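Per the working numbering, the very first residue in the sequence shown carries number 156; after that it's consecutive.
Even for Gly, the Cβ is constructed at its ideal location relative to N, Cα and C.
Predicted model only: the values in this text are computed from it and were never measured.
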Amino acid sequence: MADDAWLKQPWMWPWLMAAQMGRAGLDAASAVLRPHEGAAPGDEPTWTTPAECLLDLPAMRLHRFSEGTGPPVLIVTPLALHGPLVADLAPGHSLVERLVAEGVGEVALLSWPSATPERRGTGIDDHLAHLLVAVEELGGRVRLAGICQGGVLAMMFAARYPEKVERLVCAGAPVDMEAGPSALTAAARACPQQALEAMIEAGGGIVRGEAMLRFWQMGGLDALSGGLPADILQSRSPPPDLLARFSEWNAWVVDLPGGYLRQVAGELFQANKLARGEFVALGRRIALGDLRAPLLLLAGAADTVAPPAQVFAAARLVGTPRGEVVKIRTGGGHLSLFMGSRTLSGPWRRIARWLKGQRA
Numbered sequence: 156m157a158d159d160a161w162l163k164q165p166w167m168w169p170w171l172m173a174a175q176m177g178r179a180g181l182d183a184a185s186a187v188l189r190p191h192e193g194a195a196p197g198d199e200p201t202w203t204t205p206a207e208c209l210l211d212l213p214a215m216r217l218h219r220f221s222e223g224t225g226p227p228v229l230i231v232t233p234l235a236l237h238g239p240l241v242a243d244l245a246p247g248h249s250l251v252e253r254l255v256a257e258g259v260g261e262v263a264l265l266s267w268p269s270a271t272p273e274r275r276g277t278g279i280d281d282h283l284a285h286l287l288v289a290v291e292e293l294g295g296r297v298r299l300a301g302i303c304q305g306g307v308l309a310m311m312f313a314a315r316y317p318e319k320v321e322r323l324v325c326a327g328a329p330v331d332m333e334a335g336p337s338a339l340t341a342a343a344r345a346c347p348q349q350a351l352e353a354m355i356e357a358g359g360g361i362v363r364g365e366a367m368l369r370f371w372q373m374g375g376l377d378a379l380s381g382g383l384p385a386d387i388l389q390s391r392s393p394p395p396d397l398l399a400r401f402s403e404w405n406a407w408v409v410d411l412p413g414g415y416l417r418q419v420a421g422e423l424f425q426a427n428k429l430a431r432g433e434f435v436a437l438g439r440r441i442a443l444g445d446l447r448a449p450l451l452l453l454a455g456a457a458d459t460v461a462p463p464a465q466v467f468a469a470a471r472l473v474g475t476p477r478g479e480v481v482k483i484r485t486g487g488g489h490l491s492l493f494m495g496s497r498t499l500s501g502p503w504r505r506i507a508r509w510l511k512g513q514r515a
């Protein structure tokens with residue numbers, strides 16, 4: 156698809172309106188993203204796999220699903236529209252379940268609670284610092300498995316603290332936004348700064364999840380996620396209970412800190428600072444060449460959020476020896492990388508062996 160084809164997607168209209176109509180356009184975009192009066196989220200969906208909460212902080216939760224010897228496997232979930240059950244949706248559709256079943260040892264997961272007004276200014280530094288706290292809680296050295304933007308955060312961490320990461324998996328994690336076109340890159344670069352600020356202001360400094368969900372649904376569920384539920388779950392005829400579980404997960408959304416969204420959109424997607432070696436985190440410029448741990452990159456062939464070119468570009472940016480970089484391309488879209496039954500029973504089994512030090 157040509158680069159400008161993304162601009163024809165329905166979910167792009169607020170940005171285009173803002174760019175062409177000035178203040179009136181910004182007001183229209185803000186109206187779409189402003190939460191409904193009296194709107195309140197339902198109960199957060201519970202874990203599929205039994206979990207123990209090791210840390211429960213205002214901006215971070217650390218969960219443990221299994222115990223074992225050696226450096227733990229820490230799954231880093233994305234701070235995005237939906238909650239952490241993207242990694243533990245349902246039996247047969249759970250990354251956590253797969254890693255536990257494959258006997259990789261201790262499996263833990265880092266999740267990010269919904270933002271509060273007090274946290275509206277928090278950014279990537281804050282989340283890296285919380286990741287550091289989680290790693291220390293788990294013994295100071297881990298095998299990281301970052302998914303989506305959690306993979307980008309994990310890669311930053313592994314470059315910033317290389318001695319704390321034994322192995323690194325980045326699944327569906329866009330690293331170099333100039334390596335190929337994507338829906339999110341096009342959206343971020345078409346979005347005027349005024350529109351982004353209006354979106355943040357509409358939520359009082361945070362980006363309301365229920366408003367963002369309405370925004371994305373203008374283009375239909377498959378605009379970014381990779382298809383209908385059956386396609387995402389890689390199930391020809393999903394049973395009613397699985398569809399209900401997916402709908403529950405899809406409806407429960409989190410609020411994002413405005414400072415974090417501003418930094419992700421501006422510094423990563425627009426300016427591409429991480430790939431260019433210009434991104435500063437916790438007081439230091441992040442040089443991906445400092446990342447030397449064995450690295451495995453997983454990309455979906457039909458992923459429009461993190462296309463293979465943007466994911467696999469990390470291989471030439473890191474300092475990991477070429478023979479210790481593994482690239483796996485699989486079928487399906489973005490969410491299928493974490494929820495798809497075929498992806499979990501195929502590529503993730505290979506990844507589990509790799510996490511244990513075996514050949515993938």
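Check, Outcome
"Host beta strand (DSSP E) of Lys482 (start-end)", "480-485"
"Counterpart residues of Ser266 in DSSP-defined beta bridges", "Arg216"
"Coil, strand or helix - Ala454 by DSSP", "strand"
"Backbone secondary structure at Arg504 - three-state DSSP", "helix"
"8 Å Cβ cutoff met for Ala461 and Cys303", "yes"
"Exposed unless 16 or more other CB atoms sit within 10 angstroms - verdict on Ala507", "buried"
"Residue burial classification, Asp386 (beta-carbon count within 10 angstroms, cutoff 16)", "buried"
"Three CB pairs or more closer than 8 Å across the segment 245-259 and the segment 304-314", "no"
"Closer than 7 Å: Ala507 CB and nearest the ligand ATP heavy atom", "This structure lacks the ligand ATP, and indeed carries no ligand of any kind."
"Which residues DSSP lists as bridging Ser221, in chain order", "Val262"
"With 16 other Cβ atoms within 10 Å as the buried cut-off, status of Val435", "exposed"
"Endpoints, the alpha helix (DSSP H) within which Pro398 is located", "The sequence given here has Leu at residue 398, not Pro. It spans 395-406 - the alpha helix (DSSP H) in which Leu398 sits, taken as one unbroken run."
"Length of the line joining the Cα atoms of Glu356 and His237", "21 Å"
"Coil, strand or helix - Glu321 by DSSP", "strand"
"Length of the line joining the Cα atoms of Pro272 and Gly359", "7 Å"
"Residue range of the beta strand (DSSP E) that includes Gly414", "It is not in any beta strand (DSSP E) - Gly414 instead sits in the alpha helix (DSSP H) that spans 413-418."
"Candidates Pro449, Val362, Gly495: closest to Val473 by CA position", "Pro449"
"Delimiting residues of the beta strand (DSSP E) encompassing Arg431", "Element bounds for Arg431: not the beta strand (DSSP E) but the alpha helix (DSSP H), 428-431."
"Supposed contact pair Val419 and Pro329 - C-beta distance, whole angstroms, cut 8 Å", "At roughly 11 Å, the Cβ-Cβ gap does not stay under 8 Å, so Pro329 and Val419 are not in contact."
"Spatial distance of Leu510 from Arg497 (CA atoms)", "19 Å"
"Contact belief for Val324 with Leu451 at Cβ below 8 Å, rounded distance in angstroms", "5 Å"
"CA-to-CA distance, Glu479 to Glu403, given in whole angstroms", "39 Å"
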